[in-house]
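This report refers to the structure that appears directly beneath it.
Protein chains: 2
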Amino acid sequence: MKIALGQMEIIPGRPDLNSAAMLMMIAQAKSQQADMIIFPEMAIPGYLIGDTWEQPAFLRDCEYWGNKIIIASDDICIIFGNIAIDWNKHGDDGRPRKYNACFTAYQGRLWGADNYPYPFRLKTLLPNYREFDDARHFYSTQKLANELGVPVKELLQPVHIEIKQRRLSLGCIICEDGWPDDYSINPTQLLAEKTPLDLLINISCSPFTAGKNTKRHRVFSQQAKRLSVPLVYVNNVGLQNNGKTVYTFDGCSSIYDQQGQLILQAPAFKPELSVFSWEHCHKALPVPNDTGIDSICHALRYGINGFLQAIGMDKVVIGLSGGIDSAVSAALFSTVLPPDQLLLVNMPSRFNSQTTMSLAEDLASRLRAWYTAVPIQTAVEFTANQINGSIVKNQAGKQLTLALTPFMLENVQARDRSSRVLAGMAAAFGGGFTCNANKSELSVGYATLYGDQSGFLAPLADLWKHQVYALGRYLNQTVFGQAVIPEGVFQIVPSAELSAQQAVDEGKGDPIIYAYHDYLFRSFTEHWNRVTPEDILNWYQAGTLETNIGCEAGLVSRLFPDTKSFIDDLERWWRLYTGIAVAKRIQAPPVMAVSRRAYGFDHREAQNQPYFTAAYHEMKQVLLKQ
Amino acid sequence: MKIALGQMEIIPGRPDLNSAAMLMMIAQAKSQQADMIIFPEMAIPGYLIGDTWEQPAFLRDCEYWGNKIIIASDDICIIFGNIAIDWNKHGDDGRPRKYNACFTAYQGRLWGADNYPYPFRLKTLLPNYREFDDARHFYSTQKLANELGVPVKELLQPVHIEIKQRRLSLGCIICEDGWPDDYSINPTQLLAEKTPLDLLINISCSPFTAGKNTKRHRVFSQQAKRLSVPLVYVNNVGLQNNGKTVYTFDGCSSIYDQQGQLILQAPAFKPELSVFSWEHCHKALPVPNDTGIDSICHALRYGINGFLQAIGMDKVVIGLSGGIDSAVSAALFSTVLPPDQLLLVNMPSRFNSQTTMSLAEDLASRLRAWYTAVPIQTAVEFTANQINGSIVKNQAGKQLTLALTPFMLENVQARDRSSRVLAGMAAAFGGGFTCNANKSELSVGYATLYGDQSGFLAPLADLWKHQVYALGRYLNQTVFGQAVIPEGVFQIVPSAELSAQQAVDEGKGDPIIYAYHDYLFRSFTEHWNRVTPEDILNWYQAGTLETNIGCEAGLVSRLFPDTKSFIDDLERWWRLYTGIAVAKRIQAPPVMAVSRRAYGFDHREAQNQPYFTAAYHEMKQVLLKQ
């Protein structure tokens, strides 16, 4: 038997284009005599489409295009994901009942209704954490079981089908169903308990996260081995987003044999039809590791390219400060766009050093992109003069004189660069401009709203500062094979250069001490059970802080001579992280996600007051008295 | 028996302050000899706190403060909402198991464990639509029932308690449990079936939505009547938000007698302890109507005030164009802030008319606020000169000359006003500046990013243009009792005044025809089953469009002489609504919600491509051929 893995690019919200792509792959599979082709979860509608699920016309359209696929199944079995609608029932929101479903079509009709209330299978485990909102839209097997008054396991039925005189029992599950560890139900276990399965099929729409595939290989390999059944995993490629957060889908569709060995793996981030024949002997493949900066670089380049295509943008302007973030951003975009579609702009005020200006120009030259320097000093002084000392009056004739402090002038510079120069330059160049903020900055609002926090996309905003450096090194060493990003960019102190207090040539820079704060902020955001100052103090007291947050040993005592300075620092950043930084993130550009906790829709937050627990206050008292 | 309704202000994410507020109300209730005091859902943690639920330290803190309340229940029964944690079990996300729970404390301990697995009651219906994310965080009664292997109804048990030698059976439910229409389970029905209830208690944390209370009175009154049991509804006041969307909570706690008559109603938007004695005779109160602009005005004023307090801002700058949106925004803020904390700024370019400049100054004078005019023409010309005709080069020595079109210059003006002038003025004045965009504009991206779409809050962004006018009229007539907003503001044509094509004195203005598009856009966003061009064409063909979207009869044929012009208009706005407007909304300020579908977290959306269904294309062909 020959199986084709339809690792397609899904375009979210485009049933017309997706079904066309499927029909092409179906024709290709037929021409290669495949008996079966398997497509990803939600292959027709896409998965991350916001509340588009609430449009009945869109749902009807998904059914319409789904039927075209069913018709194409004359002499090939087609397994595919689509939304399934029971128009006679409603969901808990009162809208038409929707299921995240897996369809099995063959000989022009659907199979699987012989032992099931519907001629399709449902996703049983609906993820409702991180960026996922499954329970918002889809009705689960559990709810259906409750409604029908049967146990859930009765609804976990294989699809029986006869292909070329061979009766097959297919265990069709959807994405999260294969990751049951935290749930009270294990769908594959229940499926396999009642009938011996010939094949376990997991159709997924699973976004890239650094390290996900390493874990997936472990989990799925064990699953196949334990049930002693081959497992086929089909995942899509492409980009999907939740507005605030953009996800790449890595593909990497795989087959595991019944010993749990990986025997086929489709490429990462590439649409490809893999045709696999069980008749041949297959040797076990090495399991690739996707935890490193190389995987992240791959995802970002693929994501940037895909995002530009998706929004129809082919020219990009990047503000180049001479620092690491904008350098890495420019280098990344240069791997995706031809140099004449990339414009790099250095915008010095009187606080910018010759050092960084030269580094910016040098980088632009090495990237062969368009380059210009647009000084902002005159405009900034005009604004400062227009506001500082200006008089406002009221109807009673009273007067008030406004004054700008040096700190306010820092923000004036940042806004002048982005909202005045870059936005104007981007329009004139025919494209958009990027936001080069990293995750450390975004965590504590160390970026100016309508200034350097602006842009059409924040490609680095899910990378901690140390990852930005690592990415820069990787780009030079591996992608370019030469020092495209000048060594000086790695060597200068990170600095906003917005005041005399931030002079890079004097080694003055950011207030964030990345070697420590990167890891502190990561514990606030990325630890599954999220860390707060109470936990940090506990660990500080127990001497396990560095181990727990993962920073360099000995760093904390080197940075903070006493408990008070440690606590002051902790409270300062916690207040920013849960305070003004939230207000800024609400208006931040879309973030390209690579971690398992990106800002935006994955990291949902309210603009509430910074808070310290009662236990924190108590422990602080005790520590300060010691 | 005396019952106190603890209609408190909940401060989200502040268990310390909330429990302090509760202890004060408890003392007050004791001094009035109340036998029982009832607090809202999630009274201790707050309800909309993003993913703060993922911090174990925060959860422990909620338990800590909850215990203080239990201790205070020595001689009064205290019913209150809090998060309940089962540290020995986990949720579907692998994190500690959390329940949205109702606690009944009396004589210093919890009651209700005699017939239940926990000494508290769980929310059974977890809303997972609109702005609600209950299923993301809280474990439901259904899941617990599955886990325990018992039917759900077995877990719907009243709390038996003895107060002053009187045995009571209390039906404790939480918010959504009282709105079961779309669910397969009716918690109150199941509760009442097994034991006669003495009292049905619904603790809620229910945000204001225009018309919600009118519906709530109907639903809850029927509930009390059908079960023949008095119903006490306790809701909080205050503000809570999901980052992108800010909600006011209206309170309006109520008691219905067993005939379903409203016999007590606490005030809207005001913390208040209402002590109610069953011994007295109570006459039925009239049911207030909350569907009008008066309710919306009340919610907005309360919301603006609360938002300023919550973020610690006491001074506000508003850009005043002379048009209706900024005028209404200024008028609203003037009802909340003293005039010397409000600065109004008119920022004319060469395209602004004397008419609107005079209207702006006139309004500022009537509001007695600070006022100034900051012309932007010089700065805009500086920017235009700096970019237009500027030359960029590449490493090979090639040159490219940039050019700004008149359309780009419109955006330069808008950004100059907000990001340069208003942001700078706001900093110098010591406050923030507002975004005055309305819902019609936000729907189709008719606002400039980093320009008039910027600000710390968009108070009018959940109002259609016709509602902004109605609110202006209401403010003049009812709130101020005089024409504070000059009549001219209502009379001029709505216009951005960014080019000669938008000259108000020549009657030239916005491309949006509000009398029709307000209703068209509303059907896209607010209809429960959301409308798309396919539905619109269907209705157009059937002659029911105006009825279905709710605009004036006869308008469509007047506006569109033929089908082609109708379709062109429809496609133009649909493309904007699902295209560039999404990109802009991702970076929009927080929206103050008043409708049952506000932009932001309520209206989740992906930045995908505009789409027309197959049925739309087909129908369009047919219509154009006719």
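Protein chains in written order, with my numbering: chain A, 36 to 661; chain B, 36 to 661. Don't be surprised by glycine CBs; every beta carbon is placed ideally from N, CA and C. From a predicted model like this one, the values you see are computed outputs, not experimental measurements.
Compare the C-beta of Glu-640 of chain B with all C-beta atoms of chain A and state if any pair is closer than 7 Å.
For the purposes of this step, residue 640 of chain B is taken as residue 605 along the second sequence, with counting starting at 1. By this cut-off, Glu-640 of chain B is an interface position.
If I measure Cβ to Cβ from Glu-640 of chain A and keep anything under 6 Å in the same chain, skipping five residues before and after, which residues do I get?
Translated into the one-based positions of the first sequence, residue 640 of chain A becomes position 605. Here the set comprises Val-617.
Counting pairs of beta carbons, one from the stretch 159-178 of chain A and one from the stretch 116-136 of chain A, are three or more of them closer than 8 Å?
yes
I want to see whether chain B comes within less than 7 Å of Thr-567 of chain A, judged by CB atoms only; does it?
Against the first sequence, residue 567 of chain A aligns to sequence position 532. Taking Cβ atoms only, chain B reaches closer than 7 Å to Thr-567 of chain A, which makes this a yes.
Name, please, each residue of chain A whose Cβ falls closer than 7 Å to the Cβ of Ser-23 of chain B.
It is not possible to answer for residue 23 of chain B, since the shown part of chain B is limited to 36 through 661.
So is Asn-123 of chain B buried or exposed if we call it buried at 16+ other beta carbons inside 10 Å?
Position 88 of the second sequence, counting from 1, holds the residue named residue 123 of chain B. Exposed: under 16 other Cβ atoms inside 10 Å.
Does DSSP classify Gly-551 of chain A as helix, strand or coil?
Along the first sequence, read from residue 1 onward, the residue named residue 551 of chain A stands at position 516. Just to set this straight, residue 551 of chain A is Tyr in the shown sequence, not Gly. Helix.
Closer than 7 Å at the beta carbon, the chain B residues around Ala-119 of chain A
Here residue 119 of chain A refers to the residue found at position 84 of the first sequence. Here the premise fails: no neighbours, minimum Cβ distance about 17 Å.
Is Asn-276 of chain A helix, strand or coil by DSSP?
Here residue 276 of chain A refers to the residue found at position 241 when the first sequence is read from its first residue. Three-state result, Asn-276 of chain A: strand.
CB-CB under 8 Å to Arg-49 of chain B, same chain, minus the five flanking residues each way: which ones, in chain order?
Within the second sequence, residue 49 of chain B is the residue found at index 14, counting from 1. Around Arg-49 of chain B: Gly-81.
Determine, for Ala-55 of chain A, whether the minimum Cβ-Cβ distance to residues of chain B falls below 7 Å.
As a first step, residue 55 of chain A must be located in the first sequence, where it is residue number 20. No, its Cβ sits nowhere closer than 7 Å to a Cβ of chain B.
Enumerate in chain order the residues of its own chain whose CB-to-CB distance from Gln-488 of chain A is below 7 Å, with the five nearest sequence positions on each side excluded.
Counting from 1 along the first sequence, the entry for residue 488 of chain A is found at position 453. Excluding positions up to five away in sequence, the list reads Cys-470, Ala-472, Ala-482, Lys-619, Ala-623.
Give the list of continuous beta strand (DSSP E) stretches no shorter than 3 residues that lie fully inside the stretch 103-169 of chain B.
112-125, 131-141
Within its chain, find whatever has a CB closer than 6 Å to the CB of Asn-387 of chain A; leave out the 5 residues flanking it on each side and keep chain order.
Residue numbering aside, residue 387 of chain A sits at position 352 when the first sequence is read from its first letter. Closer than 6 Å at the Cβ level, and outside the excluded window around Asn-387 of chain A, lie Glu-532.
For Ile-72 of chain A, I'd like the list of residues in its chain whose CB is within less than 7 Å of its CB, leaving aside the five on either flank, ordered along the chain.
Taking the first sequence and counting its residues from 1, one reaches residue 72 of chain A at position 37. Taken in chain order, the residues that qualify are Ala-39, Gly-41, Met-60, Ile-61, Ala-64, Ile-111, Ile-113.
In three-state terms, what does DSSP make of Tyr-82 of chain B?
Reading the second sequence from its first residue, position 47 is the one you call residue 82 of chain B. In the structure shown, Tyr-82 of chain B sits in coil (DSSP, three-state: anything other than H, G, I, E or B).
What are the start and end residues of each continuous alpha helix (DSSP H) run of 4 or more residues lying completely inside the stretch 216-273 of chain B, in chain order?
222-229, 247-262
Could you spell out the range, first to last residue, of the alpha helix (DSSP H) harbouring Gln-434 of chain A?
Looking up residue 434 of chain A in the first sequence gives position 399. First-last for Gln-434 of chain A: 434-436, but that is the beta strand (DSSP E), not the alpha helix (DSSP H).
Within a Cβ cutoff of 7 Å, which residues of the same chain sit near Thr-560 of chain A, ignoring the five residues on either side of it in sequence?
Sequence index remark: in the first sequence, residue 560 of chain A carries index 525 (1-based). For Thr-560 of chain A, where only same-chain residues beyond five positions count, the Cβ hits under 7 Å are Ser-478, Arg-632, His-638.
May I have the straight-line CA-CA distance separating Leu-555 of chain B from Ala-588 of chain B, to the nearest angstrom?
The count along the second sequence starts at 1 and reaches residue 555 of chain B at position 520. The count along the second sequence starts at 1 and reaches residue 588 of chain B at position 553. Whole-angstrom Cα-Cα distance: 14 Å.
Could you tell me if Leu-183 of chain B is buried or exposed, where buried requires 16 or more neighbouring beta carbons within 10 angstroms of its beta carbon?
Here residue 183 of chain B refers to the residue found at position 148 of the second sequence. Flag for Leu-183 of chain B reads exposed.
When burial is assigned at 16 or more other CB atoms within 10 Å of the CB, is Ile-46 of chain A buried or exposed?
Position 11 of the first sequence, counted from the start, is the residue given in the question as residue 46 of chain A. Result: buried.
Taking Cβ-Cβ distances shorter than 9 Å, what residues in chain B pair up with Leu-183 of chain A?
For this step, residue 183 of chain A is matched to residue 148 along the first sequence. Going along chain B, no residue has its Cβ under 9 Å from Leu-183 of chain A, so there is no contact; the nearest lies around 11 Å.
If we call anything under 7 Å between Cβ atoms a contact, is Lys-103 of chain A one with Val-310 of chain A?
Here the question's residue 103 of chain A lines up with position 68 in the first sequence. Here the question's residue 310 of chain A lines up with position 275 in the first sequence. Contact: no.
Environment of Trp-499 of chain B [buried if 16+ CB atoms lie within 10 Å]
In the second sequence, residue 499 of chain B corresponds to position 464, counting from 1. Counting Cβ neighbours within 10 Å, Trp-499 of chain B comes out buried, since at least 16 surround it.
Top-ranked residue by Cα proximity to Ala-438 of chain A, from A:Gln-430, A:Gly-432, A:Ile-422, A:Phe-115
By one-based count along the first sequence, residue 438 of chain A stands at place 403. Ranking A:Gln-430, A:Gly-432, A:Ile-422, A:Phe-115 by Cα distance to Ala-438 of chain A puts A:Ile-422 first.
Buried or exposed for Cys-207 of chain B, please, with buried defined as at least 16 other CB atoms from any protein chain shown within 10 angstroms of its CB.
If you number the second sequence from 1, residue 207 of chain B lands on position 172. With 16 or more other Cβ atoms within 10 Å, it is buried.
Which bits of chain C does Gln-275 of chain B rub up against, with CB to CB less than 9 Å?
Checking the listed chains, one finds no chain C in this structure; the protein chains it contains are A and B.
With 9 Å as the C-beta to C-beta threshold (strictly closer), list the residues of the stretch 259-286 of chain A near chain B in chain order.
Gln-275, Asn-276, Asn-277, Gly-278, Lys-279, Val-281
Report the neighbours of Glu-89 of chain B on chain A: residues whose CB is nearer than 8 Å to its CB, in chain order.
As a working note, residue 89 of chain B is residue 54 in the second sequence. Trp-563, Asn-564, Arg-565, listed in chain order.
Out of curiosity, what's the CA-to-CA distance linking Asn-511 of chain A and Cys-332 of chain A?
By 1-based counting over the first sequence, the position of residue 511 of chain A is 476. By 1-based counting over the first sequence, the position of residue 332 of chain A is 297. Asn-511 of chain A and Cys-332 of chain A: Cα-Cα distance of roughly 12 Å.
Taking the alpha carbon of Phe-93 of chain B as the reference point, which residue from B:Phe-74, B:Gln-67, B:Ile-120 has its own alpha carbon closest?
Taking the first residue of the second sequence as 1, we reach residue 93 of chain B at position 58. Residue B:Ile-120 is the option with its Cα nearest to Phe-93 of chain B.
What does DSSP give as the partner residue(s) for His-195 of chain A in the beta ladder?
In the first sequence, the residue the question calls residue 195 of chain A occupies position 160. Paired residue(s): A:Ser-204.
Which class does Ala-493 of chain A belong to by DSSP, given the choice of helix, strand or coil?
Working through the first sequence from its first residue, we reach residue 493 of chain A at position 458. Strand, per DSSP.
Assign Met-348 of chain B to one of three DSSP states: helix, strand, or coil.
The count along the second sequence starts at 1 and reaches residue 348 of chain B at position 313. The answer is coil: DSSP assigns Met-348 of chain B none of H, G, I, E or B.
In terms of residue numbering, what span does the beta strand (DSSP E) encompassing Trp-608 of chain A cover?
As a first step, residue 608 of chain A must be located in the first sequence, where it is residue number 573. Per DSSP, Trp-608 of chain A belongs to no beta strand (DSSP E); it is in the alpha helix (DSSP H), 598-612.
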